[in-house]
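Engineer: In the working numbering, the protein residues as written are 11 to 208. We put the beta carbon where it would ideally sit given N, CA and C, even for glycine. From a predicted model like this one, the values you see are computed outputs, not experimental measurements.
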């Protein structure tokens with residue numbers, strides 16, 4: 011997505027009075043008979059959260075996304091039900107799906123929401139297939155990050171490849187959580203090992 015779309019969403023989020031760690035914007039619409047729920051927050055302006063919950067034919071799928079990633083490929087949609095994937099692919103690509111999502115984010119009115127009160131979000135995230143699929147930054151673990159984890163985090167979170175490489179070189183990996191109350195700002199997490207985001 012464009013940097014201007016991210017800035018637009020940040021402005022809307024920042025206009026919400028009395029935010030909590032669980033406050034988010036929610037958009038929902040249909041795309042090729044798939045229910046699309048998009049969640050966004052700028053609790054941490056340096057690393058915003060964009061997540062989607064897709065549902066069709068009683069199948070559900072959740073994944074976080076890197077908001078500035080303009081072409082996430084299907085290999086990063088780990089274990090997406092084929093009943094959903096076949097509906098969102100156009101000519102074997104996801105470009106139209108993401109362009110349509112950006113259009114909705116810019117044109118639809120968002121709903122002010124809370125992650126922990128949204129049963130759709132809570133119930134779907136329980137079945138996230140891996141810890142990389144969780145939405146919120148939690149802490150650093152003193153375990154070297156694999157290249158596979160680095161690439162997956164870059165696809166699933168608002169963090170640059172260069173920052174992830176620095177974390178890897180320091181011998182750490184980032185741990186994520188499904189609980190918004192446990193989340194921490196990425197800036198503060200990285201400050202512990204002397205890495206600055208900007």
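Alpha carbon to alpha carbon, how far is residue 31 from residue 119? Give it in angstroms, no decimals.
Structural biologist: Going from the Cα of residue 119 to the Cα of residue 31 covers about 22 angstroms.
Engineer: Apply the 10 Å Cβ neighbour rule to residue 171 and answer buried if 16 or more other Cβ atoms are within range, or exposed otherwise.
Structural biologist: Per the 10 Å Cβ criterion, exposed.
Engineer: Report the start-end ranges of each beta strand (DSSP E) in the stretch 76-131 that is 3 residues or longer and not cut off at the edges.
Structural biologist: 121-124
Engineer: Alpha carbon to alpha carbon, how far is residue 97 from residue 42? Give it in angstroms, no decimals.
Structural biologist: The alpha-carbon atoms of residue 42 and residue 97 are separated by roughly 6 angstroms.
Engineer: Grab me the residues of residue 57's own chain with a C-beta within less than 6 angstroms of its C-beta, minus the 5 sequence neighbours each way, in chain order.
Structural biologist: Closer than 6 angstroms at the Cβ level, and outside the excluded window around residue 57, lie 168, 169, 196.
Engineer: With distances taken between CB atoms, is the gap from residue 49 to residue 125 smaller than 8 angstroms?
Structural biologist: yes
Engineer: Report the residue from 27, 35, 93, 154 whose alpha carbon sits nearest the alpha carbon of residue 16.
Structural biologist: 35
Engineer: Helix or strand or just coil, what does DSSP make of residue 30?
Structural biologist: coil
Engineer: Who does residue 150 pair with in a DSSP beta bridge?
Structural biologist: 184
Engineer: Do residue 75 and residue 60 have their CB atoms nearer than 8 angstroms?
Structural biologist: Yes, the Cβ-Cβ distance between residue 75 and residue 60 is below 8 angstroms.
Engineer: If you measure between the beta carbons of residue 52 and residue 24, is that distance less than 8 angstroms?
Structural biologist: yes
Engineer: If I follow the unbroken beta strand (DSSP E) through residue 63, where does it start and stop?
Structural biologist: From DSSP, the beta strand (DSSP E) with residue 63 extends over 59-66.
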